[in-house]
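S.K.:
Number of protein chains: 2
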Amino acid sequence: MNSTDTTAPAGDARRGRRASGGADARRAARIGGHQTQLTYIKRNIPLYEVLSEEGLTLIEANAERVLEEIGIDFRDDAEALSMWTDAGADVKGERVHFPKGLVRGLIKTAPRQFTQHARNPARSVEVGGNNTVYAPVYGPPFIRNLDDGRRYATIEDFRNFVKLAYTAPSIHHSGGTVCEPVDIPVAKRHLDMVYSHIRYSDKPFMGSVTAPERARDSVTMAKMVFGDDFVDQNCVLINLINANSPLVFDGTMLGALKVYARAGQATVISPFILSGAMSAVTVVGTLTQILAEASAGMAFAQLCRPGAPVVFGTFASSISMQSGAPTFGTPEPAHVLFGAAQLARRLGVPFRSGGSLCGSKLPDAQAAHESANTLWPTLLAGVNFCLHAAGWLEGGLASGYEKFIIDADQLSMFQRMSQGIDYSENGQALDAIREVGPGSHFLGCAHTQANFENAFWRSIVADNNSFEQWRDDGSKDAAIRANAIWKRQLQDYVAPDLDPGIDEALQAFIANRKAVLPDGVS
Amino acid sequence: MNSTDTTAPAGDARRGRRASGGADARRAARIGGHQTQLTYIKRNIPLYEVLSEEGLTLIEANAERVLEEIGIDFRDDAEALSMWTDAGADVKGERVHFPKGLVRGLIKTAPRQFTQHARNPARSVEVGGNNTVYAPVYGPPFIRNLDDGRRYATIEDFRNFVKLAYTAPSIHHSGGTVCEPVDIPVAKRHLDMVYSHIRYSDKPFMGSVTAPERARDSVTMAKMVFGDDFVDQNCVLINLINANSPLVFDGTMLGALKVYARAGQATVISPFILSGAMSAVTVVGTLTQILAEASAGMAFAQLCRPGAPVVFGTFASSISMQSGAPTFGTPEPAHVLFGAAQLARRLGVPFRSGGSLCGSKLPDAQAAHESANTLWPTLLAGVNFCLHAAGWLEGGLASGYEKFIIDADQLSMFQRMSQGIDYSENGQALDAIREVGPGSHFLGCAHTQANFENAFWRSIVADNNSFEQWRDDGSKDAAIRANAIWKRQLQDYVAPDLDPGIDEALQAFIANRKAVLPDGVS
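Going down the list, the protein sequences come from chains V and G. Note that my numbering has the first sequence beginning at 1, numbered continuously upward. Note that my numbering has the second sequence beginning at 1001, numbered continuously upward.
1. Looking at PRO1350 of chain G: is its Cβ nearer than 8 Å to the Cβ of ASN1384 of chain G?
2. State the CB to CB distance for the pair PRO136 of chain V and ALA301 of chain V, rounded to an integer number of angstroms; the pair is presumed to be in contact (CB under 8 Å).
3. Whose CA, out of G:TYR1200, G:ALA1277, G:SER1218, G:LEU1146, lies closest to the CA of LYS1403 of chain G?
4. Helix, strand or coil: how does DSSP classify TRP1457 of chain G here?
5. Compare the beta carbon distance of SER982 of chain G and THR1314 of chain G with 8 Å and say whether it is the shorter of the two.
6. Would you give the residue range spanned by the alpha helix (DSSP H) that THR288 of chain V belongs to?
7. Does the region 78-92 of chain V come within contact of the region 1419-1433 of chain G, defined as at least 3 CB pairs closer than 8 Å?
8. When the Cα atoms are used, what is the spatial distance from TYR423 of chain V to GLY307 of chain V?
9. What would DSSP say about THR85 of chain V, mapped onto helix, strand or coil?
10. Under DSSP, the beta strand (DSSP E) around LYS108 of chain V begins and ends at which residues?
11. Is ASP477 of chain V closer than 8 Å to TRP470 of chain V when the C-beta atoms are compared?
12. Under 7 Å Cβ-Cβ, which residues of chain G neighbour THR378 of chain V?
13. Apply the 10 Å Cβ neighbour rule to ASN512 of chain V and answer buried if 16 or more other Cβ atoms are within range, or exposed otherwise.
14. Any C-beta of chain V sitting closer than 8 Å to the C-beta of HIS1172 of chain G?
15. Cα-Cα, which of G:LEU1362, G:PRO1363, G:ALA1316 is closest to ALA1340 of chain G?
16. Just to confirm the assignment: which complete alpha helix (DSSP H) runs, minimum length 4, are found wholly within the region 1040-1093 of chain G?
17. Cβ closer than 8 Å: which chain V residues qualify as neighbours of LEU1443 of chain G?
18. Quick one: which chain G residues come within Cβ less than 7 Å of PRO99 of chain V?
19. Let me know the secondary structure DSSP gives PRO326 of chain V once reduced to three states.
20. Tell me which residues share the same chain as ASP409 of chain V and place their Cβ nearer than 7 Å to its Cβ, disregarding the 5 neighbours each side in the sequence.
21. Can you name the residues of chain V whose CB is closer than 7 Å to the CB of LEU1387 of chain G?
22. Evaluate THR330 of chain V with the Cβ neighbour count: other Cβ atoms within 10 Å of its Cβ, from every protein chain shown; 16 or more gives buried, anything less gives exposed.
23. At which residue ranges does the region 334-411 of chain V contain complete alpha helix (DSSP H) runs of 4 or more residues, listed in the order of the chain?
24. Check whether the Cβ of LYS92 of chain V lies closer than 8 Å to any Cβ atom in chain G.
25. How long is the line joining the alpha carbons of GLY149 of chain V and ILE143 of chain V, rounded to whole angstroms?
26. Are the region 1342-1357 of chain G and the region 352-371 of chain V touching, with three or more C-beta to C-beta distances below 8 Å?
27. Cβ atoms of SER318 of chain V and SER360 of chain V: under 8 Å apart, would you say?
28. Residues of the region 402-416 of chain V with a CB closer than 7 Å to any CB of chain G: list them in chain order, please.
29. Decide if the region 235-249 of chain V is in contact with the region 1434-1441 of chain G; the criterion is three or more beta carbon pairs, one per stretch, under 8 Å apart.
30. Taking 7 Å as the cut-off, does the CB of ALA381 of chain V come closer than this to any heavy atom belonging to the ligand ADP?
31. Is ILE1238 of chain G near MET1278 of chain G, with beta carbons less than 8 Å apart?
32. Out of V:PRO185, V:THR210, V:ILE59, V:LEU443, which one is the CA nearest neighbour of ALA1325 of chain G?
33. Give the straight-line distance between the Cα atoms of VAL1516 of chain G and PHE1509 of chain G, rounded to the nearest whole angstrom.
34. Exposed or buried, which one is GLN1342 of chain G when buried takes at least 16 other CB atoms within 10 Å?
35. Given that a residue counts as buried once 16 or more other Cβ atoms are within 10 Å of its Cβ, and exposed if not, what is SER1323 of chain G?
36. Using a Cβ-Cβ distance cut-off of 8 Å, determine whether ILE1041 of chain G contacts chain V.
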């Protein structure tokens, strides 16, 4: 593997041309009026809450019992154990028992909301409060599209998904491992991934968590873009720390957590739960465990650096009790999602969950229903940071090109839905009702003419033509139309400007690191 | 067209055999344990409400202004106009202006909730309150399936959809015009449709509204099944009366409305709205008009017979402002649905809306997303009667066989979701968390073993197998799997018992009516 993986593509030469100005306008025009970049969602509709006050109190009390009586393992990290001893926990071997209230008390130093800065300030996002940030799928080793079917992902796919997320107005974040570039050695991969996010997008992004030194590389590269002092005082990386459920944090994740928290960067502490395997088969039991695990992880981040931004994470689905296979889009995980969001609000920290999760191998009706059954709770529960918002297929094993386009279209639908109700005089439209009167139509009335351009959300994927026109257009399904859309978006893609000095410094850093890192597969 | 359309199929002979008992058990076994018939939804999770108290008051005040200042046309029905004059309205020509409070006052005699009786009492449904009743698609002249593509519907298709709705555990109602049997003359069609609902299902069903005499035939046939007195004192038919929006009720619909209301049968008063054409392009403007129209229709039903069951109906979607085509699954109609449900609750009447609406021609990802974007609001808004819950394709032009199966599967998901949270000791699962402890798994623990059978909802459509197994099974998408399911369900279908005397009487009535009705196309 050589360093050409990190070389900016031939299009680099474009920078000079685009520096002359007008690129943004041209890009906007090319993408089309309804594809104007949207800022993160500032929700203006009510939340939906499924747990009662009594239910919440019960779960919180049970989680305290789990923390105190059962405890959580912090494995392969002696420093973490000693930090917990110093904080007043009861440590026996690698098992940490937390006196009642200790964990909740520590979390009080965590911010209720924080800004993750993007290198383009217009793309910075607010994580917490009434806000929702959509980020792409994270982690799949495979990709699927209509042209290639399913195959291992490469760095080229990785760049493509970064470009597609950059293009999609409703995807507010560049994400992290949008797919695993398996054509690059594991120990070097993170460098190319972080570089791609910086080079091909100007939206905020995620750092590597697969080893503490990869987390350190991520912070170093972020500092080259944002400056050392800025990074020390601001969040520019958000990072996914999974609990090893049930009730374990392992050394790898703890190592990455410590690097990021001490650098003042955000950590998403996410129990990864398939109920029936990593948690009990009930909603309340699963929520109890999630609250215990996420709280312990967030408290530990506060031990590393009080005030470090943390996010209460929840990845929860179920397994088929018949086959053991993970299932998605089912009702029980939706209840867990709604409930965990309530628990996070009561803790006073931002919440991560949701996404376009599905078990389907294809971007078919199964994929869409399952995705919708998680995306609806994502919006209505008040998820603040939504990983896997677009592109997830096959239980997270494949990043789908067409799926990405279909999901992103739905995200823009949800963003519009989040905007609430217009009660203004124009919204009331009494004059229009009066003008039209009984038995006529509103197509040409003054009110319709004044509002038609932005009255309704528009899908870029849906075909609403007549049957005959649709048939004459080739009887295409949504996946076939999405195939044409991602190809056009990649073709039309223009990279955002990046200071050439920063770019060169990043590439030099990467080359130096690659020279000393192994080429092995782990 | 001859009367064989209404002849019970060869399977009639089975009745003797099945009368010996055990048929229910055999049928249940054949359909599978998770296919046990479900009663209607008794929602045990909170509602989602999008309109504020101030917003609701504003819309109600504006609707009163529309009723008083603009008025509503009651066309081609002199009796209706004279009834409104007697009730204190200001009638000018066919335009009725309603003094403030008149309409709301009249609606007070309508029941908040009522039972629609099925010929099998176990299938009777409660319409109103915390209940949701799912009924099939209504109205399409075409059908689509993977075998035939798209073609005109026949009475055979009609029977098939009745049978599929009878088989689906999560479809609580047999519906009405599940497709238009265009192979039967228009003037005779209603007889075959009502007969099919009675003969091939034991779930509640709908009457004809396309002419007053067809409504009368529907009532007559219902009386042959339920008895004259029972029908006079109980609701056994629910019937769809569309307003001719904006602000018009036409003579056909008024004629049917009068027949049903006077017979004590339920009418669903439904503005049929495509915003931008039949209403203003705004949510609040559309809700104002819907409230005015639905209220006026429900009040008129109370003039016909105080206490007659009525349902506040809302069919609302939008049009593409670019092409004029109807669109579905968009955010604005979801807001209208949530808002109209709130307005209905404040009026104290049951609410009808929602469904598996979509513009897609195929049961693809577009169809699924659009359907989900209406089915989610259907549950969370607290819709009481949901027409079009399964089978809708192509803006209502086609009833889809595969779509029906995929939708029905989702309905069972929503039914499970509606059941709320189990806070019992078993739900809390603290013993399970203690038994398993950190770093193990829940697959074999006692709690999982005790709960695994019913812990999680199970899809009959989704494929959750590994990629390799799915590929070896033929790489089928959801539509292909659904195709096999509906064929198996039709093959396994066994008709419910029907008293032979009633059956003969119905067939004689139909033959007599057909002998005098014309064979024309209108």
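For glycine and all other residues, C-beta sits at the position ideal for the given N, C-alpha and C.
M.R.: So, from the listed chains and residues:
1. yes
2. Their Cβ separation, rounded to whole angstroms, is 24 Å, which puts PRO136 of chain V and ALA301 of chain V out of contact at 8 Å.
3. Cα-wise, what sits closest to LYS1403 of chain G is G:LEU1146.
4. Note: TRP1457 of chain G maps to coil in three-state DSSP.
5. Chain G is shown from 1001 up to 1522; residue 982 of chain G falls before or after that span and cannot be answered.
6. 283-304
7. no
8. 40 Å
9. helix
10. From DSSP, LYS108 of chain V is part of no beta strand (DSSP E); its letter is neither H nor E.
11. no
12. The premise fails here: THR378 of chain V is roughly 12 Å from chain G at the closest Cβ pair, so nothing lies under 7 Å.
13. exposed
14. Closer than 8 Å: no.
15. Taking the Cα of ALA1340 of chain G as reference, the smallest distance to any Cα among G:LEU1362, G:PRO1363, G:ALA1316 is reached at G:ALA1316.
16. 1053-1065, 1078-1087
17. Identification of chain V residues near LEU1443 of chain G by a Cβ-Cβ cut-off of 8 Å yields GLY276, ALA277, GLY324, ordered along the chain.
18. Correct list: empty, because the minimum Cβ distance to chain G is about 18 Å.
19. strand
20. SER459, ILE460, VAL461
21. Within chain V, no residue comes near LEU1387 of chain G; the closest Cβ sits about 20 Å away, beyond 7 Å.
22. buried
23. 365-381
24. At a cut-off of 8 Å between C-beta atoms, LYS92 of chain V does not count as an interface residue with respect to chain G.
25. 8 Å
26. no
27. If you check the CB distance, SER360 of chain V and SER318 of chain V do not come in under 8 Å.
28. Under the 7 Å Cβ criterion, the region 402-416 of chain V contributes ILE406, GLN410, MET413, ARG416.
29. yes
30. Judged by which ligands are present, the structure shown has none, so any question about the ligand ADP falls away.
31. Against a cut-off of 8 Å, the Cβ pair of MET1278 of chain G and ILE1238 of chain G comes out as no contact.
32. V:LEU443
33. Whole-angstrom Cα-Cα distance: 11 Å.
34. buried
35. exposed
36. no
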